[in-house]
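Right, one structure below, let's go through it.
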Amino acid sequence: MAGERIMRVLKKGDLEGIVAIDTRITNQNRREYYARKIDTITDPERSINTSIVAELDGKVVGFIMGDVYFGEFGIPETSATIDTLGVDPSIQNKGLASELLDQFMMNMKAAGVNKVYTLVNWDDFALEKFFSRHKFVPSKRINLEFQMP
Ligand SMILES: CC(C)(COP(=O)(O)OP(=O)(O)OC[C@H]1O[C@@H](n2cnc3c(N)ncnc32)[C@H](O)[C@@H]1OP(=O)(O)O)[C@@H](O)C(=O)NCCC(=O)NCCS
Numbered sequence: 346m347a348g349e350r351i352m353r354v355l356k357k358g359d360l361e362g363i364v365a366i367d368t369r370i371t372n373q374n375r376r377e378y379y380a381r382k383i384d385t386i387t388d389p390e391r392s393i394n395t396s397i398v399a400e401l402d403g404k405v406v407g408f409i410m411g412d413v414y415f416g417e418f419g420i421p422e423t424s425a426t427i428d429t430l431g432v433d434p435s436i437q438n439k440g441l442a443s444e445l446l447d448q449f450m451m452n453m454k455a456a457g458v459n460k461v462y463t464l465v466n467w468d469d470f471a472l473e474k475f476f477s478r479h480k481f482v483p484s485k486r487i488n489l490e491f492q493m494p
C-alpha cells in the first residue's frame, strides 16, 4: 500500500470520515448513530478511549471502536468489546484491519483486559472468518433477544 499509513486514537473530528467508510460498506447513512457513539467514546468522564483509526495520507481509511469494562454487567473480570470494525472497500485485503486489531489488542493488554468480546451477525461470513483467523472463538456467553410485540 503506497502512502503514509498511521494508526492513532479516534477523535471527534473523525466522524465524517468514518460515516463515509460505513456508507460505502453498508449503503446506509448512519451518521446519527456514529455521532452519538463517537460522543460517548471520546467523553473522558465516562471511560478510556480505546478506539483507533487508520489514516492513509491524512485520510481516515479504517477504524475499530471498542470499550473497556471494569467488572461491569456481572462479569468479574476486566473485559472489552469491539463494537465496530470497518475498512474502506478500496483498500481491503491489505492487512489494515489486522493492523488495527493488533494495535487495539496491545492497548487492551496494557489496560489489563482479560477477555475481548465481539458480536458478529451469524451470516456475516467474511467478518466471522476475519475474527476466526485472529483466534476469536465462540463465547460461553449467549446473546439473548426479545422481539417487542
Ligand atoms: C472484515 C474487514 C474489517 C477486513 O478488513 P481488511 O483490512 O480487508 O482485513 P485484512 O486485510 O487484515 O484481512 C483480510 C484478508 O486480507 C489478507 N491480507 C492481509 N494482509 C495482506 C496483504 N498485505 N496482502 C494481501 N492480502 C492480505 C488476509 O489474509 C485476509 O484474508 P482472509 O480473510 O482470506 O484470511 C473488512 O472487510 C470490512 O470492513 N468489512 C465490513 C465489516 C462491516 O460490515 N463492518 C460494520 C460496518 S462498518
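In terms of our numbering, the sequence shown opens at residue 346 and continues consecutively.
Where is the CB? At the ideal position from N, CA and C, for every residue including glycine.
Enclosing alpha helix (DSSP H) for residue i [first to last residue]
i	result
F415	Run containing F415: none in the alpha helix (DSSP H); it sits in the beta strand (DSSP E), 404 to 415.
D428	Element bounds for D428: not the alpha helix (DSSP H) but the beta strand (DSSP E), 423 to 432.
G362	360 to 371
L472	470 to 478
K485	Element bounds for K485: n/a, residue is neither H nor E.
Nearest-angstrom Cβ-Cβ length linking residue i and residue j, presumed shorter than 8 angstroms
i	j	result
I495	V406	Residue 495 falls outside the range modelled here, since the chain spans only 346 to 494, and no answer is possible.
I397	L445	6 angstroms
D388	E349	About 30 angstroms separates the two Cβ atoms, so there is no contact after all.
T429	M451	The Cβ separation is near 19 angstroms, so there is no contact.
G530	K404	Missing from the structure shown is residue 530; the chain here goes from 346 to 494 and no further.
F408	L360	With 8 angstroms as the limit, F408 and L360 do not qualify as a contact, their Cβ atoms being about 11 angstroms apart.
Buried versus exposed call for residue i [16 or more other C-beta atoms within 10 Å across all chains shown]
i	result
L441	buried
I351	exposed
F470	exposed
F415	exposed
A347	exposed
Y379	buried
Limits of the beta strand (DSSP E) - the one that residue i falls within
i	result
V354	350 to 354
A399	397 to 401
V458	Segment: none, V458 is in no beta strand (DSSP E) and carries neither H nor E.
Cβ shell of residue i (< 6 angstroms), same chain only, five flanking positions each side left out
i	result
R375	D367
N488	none
Same chain, Cβ closer than 8 angstroms to residue i, five either side skipped, listed in chain order
i	result
V413	S392, I393, T395, T423, S424, A425, M453, A456, V458
Y462	S424, A425, T426, I427, S484, R486
Nonlocal neighbours in the same chain, by C-beta distance under 7 angstroms from residue i, ignoring five residues either side
i	result
I460	It is worth fixing the name first, because residue 460 is Lys in this sequence and not Ile. Around K460: E422, S424.
T385	R391
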